[in-house]
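**Student:** Counting from 624, one number per residue, gives the positions in the sequence shown under the numbering used here.
Note that CB positions come from ideal geometry on N, CA and C, so glycine has one too.
Quick caveat, the model's predicted, so the values are computed rather than measured.
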Amino acid sequence: MAIKKIVLHPDPVLETAGEEVKVFDKKLVKLIRDMFDTMYEAEGVGLAAPQIGISIRVAVVDTGDELGPLALVNPVITELQGSQTGPEGCLSFPGLFGDVERADKIMVTAADQKGRPFTLKAEGFTARAIQHEVDHLNGVLFTSKVTQYYEEGAFER
């Protein structure tokens, strides 16, 4: 288990699009394992590689739903349906929360840690989390999409 340091805003890696992963090896498997460990330790539901200072297209998500823990390598959202607005936070912006409008249902294509392609459908909170992490991989921060911020301390643990 390796907990990585989470990069905080305004580190420029957070606003840089990640490079496509081309090598699927033990190093990638270890990175994904470390990303899950880091996300769980920070009590998050998603983490993108740029958030630990690595500018590649890898994200992990675990919202506790039936899709289970997801490792997404080179993810691309191929379909967006509906709309939902709800609260979001970000491990790179501790204590900051705001409402963000996202698609309610999505389809995403990605590869797993071994390079095997897959497609999945997600909706609700899981769709929101995946969209948030894919934004990170594109160098887009949730703060650029917030329609209303919450009072400080509104979501304290």
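(1) Report yes if the C-beta distance between L760 and A671 is below 8 Å; otherwise report no.
(2) Which residue comes first and which comes last in the beta strand (DSSP E) that contains D722?
(3) I'd like to confirm the pairing. Which residues does DSSP put opposite T770 in its beta bridges?
(4) From what residue to what residue does the beta strand (DSSP E) around I618 run?
(5) Quick check: the stretch 718-725 against the stretch 674-693, are at least 3 beta-carbon pairs closer than 8 Å?
(6) With DSSP run on the structure shown, which of helix, strand or coil describes T732?
(7) Going by beta-carbon coordinates alone, are V598 and Q674 separated by less than 8 Å?
(8) Going by C-alpha distance, which of Q771, K649 and S767 is nearest H632?
(9) To the nearest angstrom, how far is it from the Cα of G705 to the Cα of M658?
(10) Excluding sequence positions up to five away, which residues of its chain have a Cβ less than 7 Å from the Cβ of D688?
(11) In or out: D685 buried (at least 16 other Cβ within 10 Å) or exposed?
(12) Taking C-beta to C-beta, are I700 and V683 nearer than 8 Å?
(13) Just to confirm, are L651 and Q736 a CB contact at a threshold of 8 Å?
(14) Go ahead and label A640 buried or exposed: buried means 16 or more other beta carbons lie within 10 angstroms of its beta carbon, across all protein chains shown.
**Tutor:** So, from the data block:
(1) yes
(2) F716 to R725
(3) Paired residues: none, contrary to the question.
(4) The question about residue 618 has no answer, for the chain in this structure spans 624 to 780.
(5) no
(6) strand
(7) Because the chain is modelled from 624 through 780, residue 598 falls outside the range shown and cannot be assessed.
(8) S767
(9) 30 Å
(10) T749
(11) buried
(12) no
(13) yes
(14) exposed
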